[in-house]
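Below: one structure, written as structure tokens.
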Amino acid sequence: KNEVEQSPQNLTAQEGEFITINCSYSVGISALHWLQQHPGGGIVSLFMLSSGKKKHGRLIATINIQEKHSSLHITASHPRDSAVYICAVRPYNNNDMRFGAGTRLTVKP
Amino acid sequence: DAGITQSPRHKVTETGTPVTLRCHQTENHRYMYWYRQDPGHGLRLIHYSYGVKDTDKGEVSDGYSVSRSKTEDFLLTLESATSSQTSVYFCASDGGSYNEQFFGPGTRLTVL
Numbered sequence: 002k003n004e005v006e007q008s009p010q011n012l013t014a015q016e017g018e019f020i021t022i023n024c025s026y027s028v029g030i031s032a033l034h035w036l037q038q039h040p041g042g043g044i045v046s047l048f049m050l051s052s053g054k055k056k057h058g059r060l061i062a063t064i065n066i067q068e069k070h071s072s073l074h075i076t077a078s079h080p081r082d083s084a085v086y087i088c089a090v091r092p093y094n095n096n097d098m099r100f101g102a103g104t105r106l107t108v109k110p
Numbered sequence: 068d069a070g071i072t073q074s075p076r077h078k079v080t081e082t083g084t085p086v087t088l089r090c091h092q093t094e095n096h097r098y099m100y101w102y103r104q105d106p107g108h109g110l111r112l113i114h115y116s117y118g119v120k121d122t123d124k125g126e127v128s129d130g131y132s133v134s135r136s137k138t139e140d141f142l143l144t145l146e147s148a149t150s151s152q153t154s155v156y157f158c159a160s161d162g163g164s165y166n167e168q169f170f171g172p173g174t175r176l177t178v179l
């Protein structure tokens, strides 16, 4: 079983819809990261969380440390949000990262 | 964005040949990482470095070696490339556990 599980694997939405991507993990962590990868493109860090909630533009990320769960929300989705979203965690006392398999989001106009 | 570059960006090589990929960062980050990304597997850690000449193995280190002689450079070597090492390789760097990780643009390696 992967240490980091994401759901759904694939998500198709209409422009303007509210999107939620979920991430569950099974190890104790120092931080959780949400990353974005456009088709054929590089990987960009969206958020790093160790508690609570962060907001950047139309993107919101939350984390519940006790439940080992994080969510990434996109409000008023747009076709340019189409990408793979990756959840990653950094375990305690460890400098490596463990990655989820990613969620492929397609937003249709 | 952090300045992380990778070279080459694309490479085609033959089975059994040695290959070295280079990662260069200008952020004076202490930690550097090499990942591979394959369909169905997501990103997997190959090796990482926590300082000059300090490296450790990751999840998929077999067949790979690394070196870090300067803070800014982290080299990944495939001593004798195999077709199973065909992948996209990403380098990353950060300042430690509570810091954002920055990724290079990736290197697409094909081993024939």
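First to last, the sequence lines map onto chains A and B.
Using the working numbering, you'd call the opening residue of the first sequence number 2 and step up by one each time.
Using the working numbering, you'd call the opening residue of the second sequence number 68 and step up by one each time.
Where a beta carbon is used, it is the ideal one built from N, C-alpha and C, also for glycine.
Proximal chain B residues relative to residue i, where beta-carbon distance stays under 9 angstroms
i: Arg105(A); result: Going along chain B, no residue has its Cβ under 9 angstroms from Arg105(A), so there is no contact; the nearest lies around 11 angstroms.
i: Gly43(A); result: Phe157, Phe170, Gly171, Pro172 and Gly173
Contact list for residue i against chain B, beta-carbon separation under 7 angstroms
i: Phe100(A); result: Gly109 and Leu110
i: Asn96(A); result: Tyr98, Tyr115, Tyr117 and Ser164
i: Ala32(A); result: Ser164 and Tyr165
i: Ser8(A); result: Ordered by position in chain B, no residue passes the 7 angstroms Cβ test against Ser8(A), which lies about 14 angstroms from the chain.
i: Ser46(A); result: Glu167, Gln168 and Phe169
Contact list for residue i against chain B, beta-carbon separation under 8 angstroms
i: Arg91(A); result: Ser164
i: Ser51(A); result: Tyr165
i: Ile22(A); result: Per Cβ cutoff of 8 angstroms: no residues; Ile22(A) is ~14 angstroms from chain B at best.
i: Ile87(A); result: Gly109 and Leu110
Option in the options with minimal Cα separation from residue i
i: Gln152(B); options: Thr93(B), Leu179(B) and Tyr165(B); result: Leu179(B)
i: Ser71(A); options: Ile61(A), Ala77(A), Thr13(A) and Leu12(A); result: Ile61(A)
i: Arg81(A); options: Pro40(A), Lys54(A) and Ile22(A); result: Pro40(A)
i: Gly17(A); options: Ile75(A), Leu50(A), Tyr93(A) and Lys55(A); result: Ile75(A)
i: Asn95(B); options: Asp105(B), Ser134(B) and Asp161(B); result: Asp161(B)
i: Asn166(B); options: Ile20(A), His79(A) and Leu47(A); result: Leu47(A)
i: Ala102(A); options: Ile22(A), Gln15(A) and Ile66(A); result: Ile22(A)
i: Asn96(A); options: Tyr117(B), Glu146(B) and Leu176(B); result: Tyr117(B)
i: Gly83(B); options: Leu176(B), Ser154(B), Ser164(B) and Ser150(B); result: Ser150(B)
i: Leu36(A); options: Phe100(A), Asn3(A), Glu68(A) and Ile66(A); result: Phe100(A)
i: Leu145(B); options: Gly171(B), Thr177(B) and Asp121(B); result: Thr177(B)
i: Leu88(B); options: Arg97(B), His114(B), Asp105(B) and Tyr98(B); result: His114(B)
i: Lys154(B); options: Glu81(B), Arg97(B), Tyr98(B) and Asp105(B); result: Note that residue 154(B) is Ser in the sequence shown here, rather than Lys. The option with the nearest alpha carbon to Ser154(B) is Asp105(B).
i: Asp123(B); options: Asp140(B), Glu139(B), Thr138(B) and Trp101(B); result: Trp101(B)
i: Lys137(B); options: Glu81(B), Ser128(B) and His91(B); result: His91(B)
i: Ser51(A); options: Arg59(A), His34(A), His57(A) and His79(A); result: His34(A)
Residue i - DSSP class collapsed to helix/strand/coil
i: Pro80(A); result: helix
i: Gln152(B); result: helix
i: Tyr165(B); result: coil
i: Pro85(B); result: coil
i: Val178(B); result: strand
i: Ile20(A); result: strand
i: Gln10(A); result: coil
i: Asp129(B); result: coil
i: Ser25(A); result: strand
i: Gln67(A); result: coil
i: Tyr93(A); result: coil
i: Gly43(A); result: coil
i: Ser183(B); result: Residue 183(B) lies beyond the stretch modelled for chain B, which goes from 68 to 179, so this question has no answer here.
i: Arg99(A); result: strand
Nearest-angstrom Cβ-Cβ length linking residue i and residue j, presumed shorter than 8 angstroms
i: Ile44(A); j: Phe157(B); result: 6 angstroms
i: Val79(B); j: Ala148(B); result: Rounded, the Cβ-Cβ distance is 10 angstroms, inconsistent with contact.
i: Tyr131(B); j: Leu143(B); result: 6 angstroms
i: Ala84(A); j: Leu106(A); result: 6 angstroms
i: Gly48(B); j: Gln73(B); result: Here chain B comprises residues numbered 68 to 179, so residue 48(B) is not present and cannot be evaluated.
i: Met99(B); j: Arg135(B); result: 7 angstroms
Partners in chain A for residue i, counting only beta-carbon separations shorter than 9 angstroms
i: Gly125(B); result: Asp97
heavy atom of the ligand GTP below 7 angstroms from residue i C-beta
i: Gly107(B); result: In the structure shown, the ligand GTP is absent, as is every other ligand, since no ligand is present at all.
Say whether the stretch 28–35 of chain A touches the stretch 8–18 of chain A, bearing in mind that this needs 3 or more beta-carbon pairs closer than 8 angstroms, one atom from each stretch. no
For the stretch 100–114 of chain B against the stretch 88–108 of chain A, do three or more pairs of beta-carbon atoms, one drawn from each stretch, fall closer than 8 angstroms, so that the two count as touching? By the criterion of at least three beta-carbon pairs nearer than 8 angstroms, the stretch 100–114 of chain B is in contact with the stretch 88–108 of chain A.
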